[in-house]
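Asker:
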Amino acid sequence: MNKKAKTAISPTRTEDYPEWYQQVIKHADLAETSPVRGCMVIKPWGYALWENMQRGLDKMFKETGHRNAYFPLFIPMSYLEKEAEHVEGFAKECAVVTHHRLEPDPETGGLRPASPLEEPLIVRPTSETIIGAMYAKWVQSYRDLPILINQWANVVRWEMRTRLFLRTAEFLWQEGHTVHATREEALEETYKMLDVYADFAENHMAVPVIRGEKTAGERFPGADMTVSIEAMMQDRKALQAGTSHFLGQNFAKAQDITFQDQNGEVAHAWTTSWGVSTRLIGALIMTHADDDGMVMPPKIAPAHAVILPIYRDDEARTAVLEYCHQLRDQLQQQAYAGRAVEVEIDDRDLRGGEKKWHHVKRGVPLRIEVGPKDLAKDAVFLARRDTGEQSSVPRQQLVDQLGSMLEQIQQSLFDRALELRQQHTAEISNEADFRSYFTPQNAQDPEIHGGFALSHFASEQDVQPLLDELKVTIRCIPLEDNEQPGTCFLTGKPAEKRAVFAKAY
1 MNKKAKTAIS PTRTEDYPEW YQQVIKHADL AETSPVRGCM VIKPWGYALW
51 ENMQRGLDKM FKETGHRNAY FPLFIPMSYL EKEAEHVEGF AKECAVVTHH
101 RLEPDPETGG LRPASPLEEP LIVRPTSETI IGAMYAKWVQ SYRDLPILIN
151 QWANVVRWEM RTRLFLRTAE FLWQEGHTVH ATREEALEET YKMLDVYADF
201 AENHMAVPVI RGEKTAGERF PGADMTVSIE AMMQDRKALQ AGTSHFLGQN
251 FAKAQDITFQ DQNGEVAHAW TTSWGVSTRL IGALIMTHAD DDGMVMPPKI
301 APAHAVILPI YRDDEARTAV LEYCHQLRDQ LQQQAYAGRA VEVEIDDRDL
351 RGGEKKWHHV KRGVPLRIEV GPKDLAKDAV FLARRDTGEQ SSVPRQQLVD
401 QLGSMLEQIQ QSLFDRALEL RQQHTAEISN EADFRSYFTP QNAQDPEIHG
451 GFALSHFASE QDVQPLLDEL KVTIRCIPLE DNEQPGTCFL TGKPAEKRAV
501 FAKAY
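In terms of this note's numbering, the sequence shown opens at residue 1 and continues consecutively.
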């Protein structure tokens, strides 16, 4: 009888995927729940990861002409009421401030709210309305356009069922808000920012994505069009990893964003908005982590490598530590993917195995062990987190090949994730196969299902009852390689394009 392989994370992905996800976050020291219901504390290792993601995206935003600004956390309720479809879409998630101070409560001996506000304030669920109010002041002439602004901020959406990084009441994000003179310019912006998100997901996060347009039922409230990037997680569910919205003139009309065009006539502007959030960290975990913990893509990892000194006495300690510091200095003189290589030395007074697993679970791309025997050979013992490969490597070889090693790890993570998606994407053309594909294949594990289905459909209304029954959603209508007309998998009616159907987070 085969003994079960020991793993650092319990349960494993196959045993209980949702609990495995929570345990990876815990053991990788990324975040934990807070005393405030539905909110999380992002710990230093997790926040360093977010900072690297933020830095990379911010650079890409600025390279495409955008600048950062900051707008208020509080939004007057009347601002949301101006755009009926928008407020309806967010009404159930809004946190509302109704008082502006506290006073002693003589009945309980505690505190109670006092001084009601003349108008309730909404803690921003998104900032279209408050930013639009400012744009209405700033835009007078076509010469004032375009306005290309991004905001790094926190938002609040009152979620009842929360999961760290994926869905919390408060989360961190960026939200871009732009204003344009013409419809064509606004549409170009919408697609441009989707491409930025896809580039970042694939080339920095090593997460392959599908770029596509949302159906009317999945569209951002108040938008004329929403496009998104969709990624497959290891449990074959989809995760929306970023969205870009063409808002048309809806918000401009609601907020009176007008300008005098080149013909001297007054016209309403065209606007967009786009955003990604700390949900991307959830995407990273569910794309790359394994049963031993987190696996970090080198381009955004908080540290590229960790050096573990190994010694048994003070004499060996002195020599080994000197060697480790010299090696770290050599490695940190290099750059990888536009940033200096970051190397940690872990000389804590812990057993070697305990230190090793600490960094395995945190997902550091390269682990470098150095002991007296390695010094004698001017070598190190090197381990890759993505494959688990281990070998003795001459010191100079490590220094010379560090960049290529990190790039190999980056590429291998992307290739592995892409292979998973390709293996679990099927073209489905009839109801029976569609039902079978999304019906759990194992009564003991209701989460096991097909993956992504590529199917033609004629009407969102026609297919929605079946989707509700199977707990499947239309993720997007792919923007690429999707010009083959066919017939709806459910009704047999003519259909112009296929959509990606999946169970989703």
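In this text, a Cβ means the ideal position worked out from N, Cα and C, and glycines have one as well.
When you compare the CB of D481 with every CB in chain B, is at least one pair closer than 9 Å?
Answerer: In the structure shown, chain B does not exist; there is a single protein chain.
Asker: Compute the Euclidean distance between the alpha carbons of E93 and R328, then round it to the nearest angstrom.
Answerer: Cα to Cα, the separation comes out at about 48 Å.
Asker: According to DSSP, which residues form a beta bridge with M232?
Answerer: In the DSSP output, where bridge partners are listed per residue, M232 has A238.
Asker: Give the C-beta separation of H100 and T190 to the nearest angstrom, bearing in mind that I take them to be a contact with Cβ-Cβ under 8 Å.
Answerer: With a Cβ gap of about 38 Å, H100 and T190 do not count as contacting.
Asker: Can you check the region 234-283 for any beta strand (DSSP E) of at least 3 residues that lies completely inside it and give the ranges in chain order?
Answerer: You should have 238-246, 258-260, 266-268, 270-277.
Asker: Tell me the DSSP secondary structure of Y135 in three-state form.
Answerer: Reduced to three states, the DSSP call for Y135 is helix.
Asker: Between the region 178-193 and the region 460-467, do three or more beta carbon pairs fall short of 8 Å?
Answerer: The region 178-193 vs the region 460-467: no contact.
Asker: Among residues of its own chain, excluding the 5 on either side of E32, which ones have a beta-carbon nearer than 8 Å to its beta-carbon?
Answerer: Result list for E32: I25, K26, M40, V41, K43, L164, in chain order.
Asker: Starting from E119, trace the beta strand (DSSP E) both ways and give me its first and last residue.
Answerer: It spans 111-123 - the beta strand (DSSP E) in which E119 sits, taken as one unbroken run.
Asker: Between the C-alpha atoms of E85 and F220, what's the straight-line distance to the nearest angstrom?
Answerer: Each residue's Cα considered, the two are about 10 Å apart.
Asker: Exposed or buried, what is Q54 when buried is set at 16 or more other beta-carbons lying within 10 Å of its beta-carbon?
Answerer: The residue in question, Q54, is buried, as its Cβ has 16 or more Cβ neighbours within 10 Å.
Asker: Thinking C-beta only, is S127 closer than 9 Å to E170?
Answerer: No, these two residues do not count as a Cβ contact at 9 Å.
Asker: Could you check if Q396 is buried or exposed, using at least 16 other CB atoms within 10 Å of its CB as the buried criterion?
Answerer: When all chains shown are included, Q396 counts as exposed.
Asker: Which residue wins for smallest C-alpha separation from L57, given the options V320, I368, L280?
Answerer: Closest option to L57, Cα to Cα, is L280.
Asker: Just the C-alpha distance for A153 and T129, rounded to the nearest angstrom, thanks.
Answerer: Distance between the alpha carbons of A153 and T129: 15 Å.
Asker: What would DSSP say about F61, mapped onto helix, strand or coil?
Answerer: Three-state result, F61: helix.
Asker: Which same chain residues end up closer than 8 Å to A269 when comparing Cβ atoms and leaving out the 5 residues on each side of it in sequence?
Answerer: Cβ within range, chain order: Y135, V139, L145, V179, H180, A181, Q249, A252, I257, T258, F259.
Asker: Given this structure, state the Cα-to-Cα distance separating V156 from L172, to the nearest angstrom.
Answerer: Straight-line Cα distance between these residues: approximately 9 Å.
Asker: Please report the straight-line C-alpha distance between Y505 and M60, rounded to a whole angstrom.
Answerer: Computed Cα separation, rounded: 27 Å.
Asker: Taking contact to mean at least 3 C-beta pairs separated by less than 8 Å, is the region 362-375 in contact with the region 296-309?
Answerer: Cβ pair count under 8 Å is three or more, so yes.
Asker: Mapping the DSSP letters down to three states, classify C488 as helix, strand or coil.
Answerer: C488 falls in the coil class under three-state DSSP.
Asker: Residues in its own chain within less than 7 Å of V500 by CB, not counting five upstream and five downstream?
Answerer: Taken in chain order, the residues that qualify are I210, G212, E230, F452, L454, R475, C476, P478.
Asker: Take L331 and list the residues in its own chain whose beta-carbon comes closer than 7 Å to its own, dropping the five residues that flank it on each side.
Answerer: Closer than 7 Å at Cβ, skipping near neighbours: A305, V341, V343, V399, L402.
Asker: With DSSP collapsed to three states, give me the class of E213.
Answerer: Reduced to three states, the DSSP call for E213 is strand.
Asker: Find the nearest neighbour of Y17 within the set M286, R435, G371, judged by alpha-carbon distance.
Answerer: It is M286 whose Cα lies nearest to the Cα of Y17.
Asker: Rounding to the nearest angstrom, what Cα-Cα distance links K82 and E389 in this structure?
Answerer: Whole-angstrom Cα-Cα distance: 59 Å.
Asker: What ranges does the beta strand (DSSP E) occupy inside the region 420-444, keeping only unbroken runs of at least 3 residues that lie completely in it?
Answerer: If we require 3 residues or more, the beta strand (DSSP E) runs fully inside the region 420-444 come out as 425-427.
Asker: Evaluate T98 with the Cβ neighbour count: other Cβ atoms within 10 Å of its Cβ, from every protein chain shown; 16 or more gives buried, anything less gives exposed.
Answerer: Exposed is the call here.
Asker: What is the DSSP secondary structure of F200, counted as helix, strand or coil?
Answerer: In the structure shown, F200 sits in a helix (DSSP, three-state: H, G or I).
Asker: Locate the beta strand (DSSP E) running through W357, then write down its first and last residues.
Answerer: Premise fails: W357 lies in the alpha helix (DSSP H), 352-362, not in any beta strand (DSSP E).
Asker: Check Q464 in the structure and name its three-state DSSP category.
Answerer: Q464: helix per DSSP, three-state reduction.
Asker: Within 10 Å of its beta-carbon, does S228 have 16 or more other beta-carbons around it, so buried, or fewer, so exposed?
Answerer: It counts as buried.
Asker: What did DSSP end up calling T226 once you bin it into helix, strand or coil?
Answerer: Note: T226 maps to strand in three-state DSSP.
Asker: Where G492 and P485 are concerned, what is the direct C-alpha to C-alpha distance, given to the nearest angstrom?
Answerer: Using only the alpha carbons, I get a separation of about 12 Å.
Asker: What does a CB cutoff of less than 8 Å around L111 pick up in its chain, not counting 5 residues either side in sequence?
Answerer: Closer than 8 Å at the Cβ level, and outside the excluded window around L111, lie L102, E103, P104, D105.
Asker: How many Å lie between P465 and V472 at the Cα?
Answerer: Rounded to whole angstroms, P465 to V472 spans 10 Å at the Cα level.
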